[in-house]
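J.:
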Amino acid sequence: MSEYSFTTNSADETIALGGELAKLLPPPKLIILRGDLGAGKTTLVKGIAAALGVANSDEVTSPTFTLVHEYGSGAARLYHLDLYRLETERELLTLGLEEMEDSGALMLVEWGEKFPSIAARADGEIIFERTGEHSRTVTLHLTK
Ligand code: ADP
Ligand code: MG
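Position 51 of the sequence shown, counted from 1, bears residue number 38 in my numbering, the numbering being contiguous throughout.
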């Protein structure tokens, strides 16, 4: 169990933080990103994807409607999920989460805490708190 806490004061700082946190998240890993809408979850993923070399930060967009975006391949694969629109464990079954996990990828899951089956499998969480218009605290908890 380890915990790391940071403050950022702009979206660019959160992207840069993603680059640092990527070093603490060697795959395979399933990490829940927890925080309100607009807290900065997708912004952090931009920085992680760029640091992994699987996408430029401006290519990473919210998987709001498609639920999953996949970046990279092979050992450097990132799955970014946003489960805000899903309601039931049953709906999760159509996503193929197990295949993603078996691929050995890094999985970053917004709203994963809604689903007990995901919470039980997660290696940790990144918690976002909006402390001002442009300020956020970002805390990584690694539980495994
Ligand atoms: P989420 O995925 O949590 O819903 P997004 O990352 O999509 O949130 O959006 C965060 C919004 O907040 C963006 O419009 C971003 O420009 C803005 N923002 C302002 N300050 C910050 C900050 N310190 N970190 C991240 N985003 C910030
Ligand atoms: Mg988002």
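Cβ atoms here follow ideal geometry from the backbone N, Cα and C, with glycine treated the same way.
None of the values given here were measured: they were computed from a predicted structure.
Going along the chain, which unbroken runs of the beta strand (DSSP E) with 3 or more residues stay wholly within the stretch 52 to 87?
T.: Runs of the beta strand (DSSP E) inside the stretch 52 to 87: 55 to 60 and 63 to 69.
J.: Quick one: what's Asp112 bridged to in DSSP?
T.: It should be noted that the sequence gives Glu, not Asp, for residue 112. Glu112 pairs with Ile19 and His128.
J.: Buried or exposed, going by whether 16 or more other CB atoms sit within 10 Å of the CB of Gly27?
T.: Burial call: buried.
J.: Near Thr118, what residues of its chain come up, given a Cβ to Cβ distance below 8 Å and the 5 sequence neighbours on each side ignored?
T.: If we look at Thr118 and ignore the five residues flanking it on each side, its Cβ neighbours are Thr(-6) and Thr124.
J.: Tell me whether Val47 sits in a helix, a strand or coil according to DSSP, three-state version.
T.: Three-state DSSP puts Val47 in coil, outside helix and strand.
J.: Below 6 Å CB to CB, which residues in the same chain sit around Glu116 once its five sequence neighbours on both sides are set aside?
T.: The answer, listed in chain order, is Thr124.
J.: How about Leu8 and Val41: do their beta carbons lie closer than 7 Å?
T.: Not closer than 7 Å, so no.
J.: In this structure, what does DSSP give as the bridge partners for Leu95?
T.: In the DSSP output, where bridge partners are listed per residue, Leu95 has Ile18 and His67.
J.: With H, G and I counted as helix, E and B as strand and the rest as coil, what does DSSP make of Thr(-6)?
T.: It is a strand residue.
J.: Would Ala92 be called buried (16 or more neighbouring beta carbons within 10 Å of its own) or exposed?
T.: That one is buried.
J.: Going by other Cβ atoms of all chains shown within 10 Å of its Cβ, with 16 needed for buried, is Ala62 buried or exposed?
T.: Flag for Ala62 reads exposed.
J.: So Val32 is in the alpha helix (DSSP H); what residue range does that whole segment cover?
T.: Element bounds for Val32: Lys28 to Leu39.
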